[in-house]
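Each remark here refers to the structure printed beneath this line.
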Amino acid sequence: MASFPAPALALVEQMTVAAAAEPDRAVAFQGAPGANSHRAAIEAVPDGLPLPCFSFEDALDAVREGRAGCAIIPIENSQHGRVADIHFLLPESGLSIVGEHFLDIHHCLMGLGSGPFTAAYSHPQALGQSRHYLRTRGITPLSHADTAGAAAFVAELGDPAVAALAPMIAAELYGLDVVEENVEDTHDNTTRFVRLARKPLDVATIPGEAITTFIFEVRNIPAALYKALGGFATNGINMTKLESYQQGASFSATTFFCDVVGKPGERPLDLSLEELAFFANNLRILGTYPLERERG
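For the sequence shown, my numbering assigns the number 14 to the initial residue and increments by one for each residue that follows.
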């Protein structure tokens, strides 16, 4: 908690006390109050108690340790790609994905006064999503742990030449002036979040279509991935996400993070996963959960 800027600490303490009184309702998120993850927590779990955490690891730990009923974590952005390190953190957490949520992202340039600004603090994702805007105005991007924390830091810093990129709610919480709204480079900017809990959903209770997320590993040999994924094509499974990453320094095998439409118990997906398991190693389902937005 002490890692948050001073203007955010009072809000963090207040929200932490409320969550401690009803931990099953608590929704852990990374960032200071006013961050986009805070917005996602409110939208995805309207009756929840948002619990701000300094890092993604802290948010996941809150769920593992029973201080929160679930966590909501950004996994990918339509403009800037996957959130750094999240593909490593989710499998290591031991938690299950129980939901997804799509959040429209709009950044505001804010500061103490109207500028001009020489630098702007924000989360690396927000800086990347607004890089053309910053570059054309000669504003140096400076990384911070999260967007709202950057706003709180600018308020604490007291330098009128330094701005923050953050949601509008952060300006209201920390007493900053909004100089310009919607400074992201594309205005269909969307972040996909996932909710994680200690126990997986019972797939029989999921109405309608579902998403199943899993990881698997294949050796770096010719046609390994082609053979591993062939069953999804022959069984008509819609694969909506496939990303690779390396674990360890040997580079002898690649781990893949995958989303498909369907749920275990449905024959086409069962057959596809059975064939995948024959050609791949370390197949692990991270969660099956309701599909919030149609893929097509």
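Note that the Cβ used here is the ideal one computed from N, Cα and C, for glycine as well.
Query                                                                                                                                              : Result
In chain order, what residues of the same chain lie with their CB nearer than 6 Å to the CB of Phe67, ignoring the 5 residues before and after it? : Ser16
Looking only at C-alpha atoms, which of Ala21, Gly300, Pro104 and Ser50 sits nearest to Ala223?                                                    : Gly300
Checking contacts by CB at 8 Å: is Arg208 closer than that to chain D?                                                                             : Judged by its chain identifiers, the structure shown contains no chain D, having just a single protein chain.
Between the C-alpha atoms of Thr268 and Arg232, what's the straight-line distance to the nearest angstrom?                                         : 9 Å
Counting only runs of 3+ residues fully inside the stretch 146-225, write out the beta strand (DSSP E) ranges in chain order.                      : 153-156, 175-179, 190-193 and 203-210
Decide if Phe42 is buried, meaning its Cβ has at least 16 other Cβ atoms within 10 Å, or exposed.                                                  : buried
Is the distance from the Cβ of Leu155 to the Cβ of Tyr134 below 8 Å?                                                                               : yes
Could you check which residue in Ala164, Pro65 and Ala236 has the C-alpha nearest to that of Ala183?                                               : Ala164
DSSP on Val274, reduced to helix/strand/coil?                                                                                                      : strand
Look up Asn90 in the DSSP assignment and give the residues it is bridged to.                                                                       : Gly94 and Thr204
Would you report the Cα separation of Glu256 and Glu78, rounded to the nearest angstrom?                                                           : 30 Å
Measure the Cβ-Cβ separation of Val96 and Pro104 and say whether it is below 8 Å.                                                                  : no
Using 8 Å as the threshold, is the C-beta distance between Pro180 and Asn90 below it?                                                              : no
Would you kindly report the start and end of the unbroken beta strand (DSSP E) that includes Arg308?                                               : It is not in any beta strand (DSSP E) - Arg308 carries neither H nor E in the DSSP assignment.
Would you identify the three-state DSSP class for Gln43, choosing helix, strand or coil?                                                           : strand
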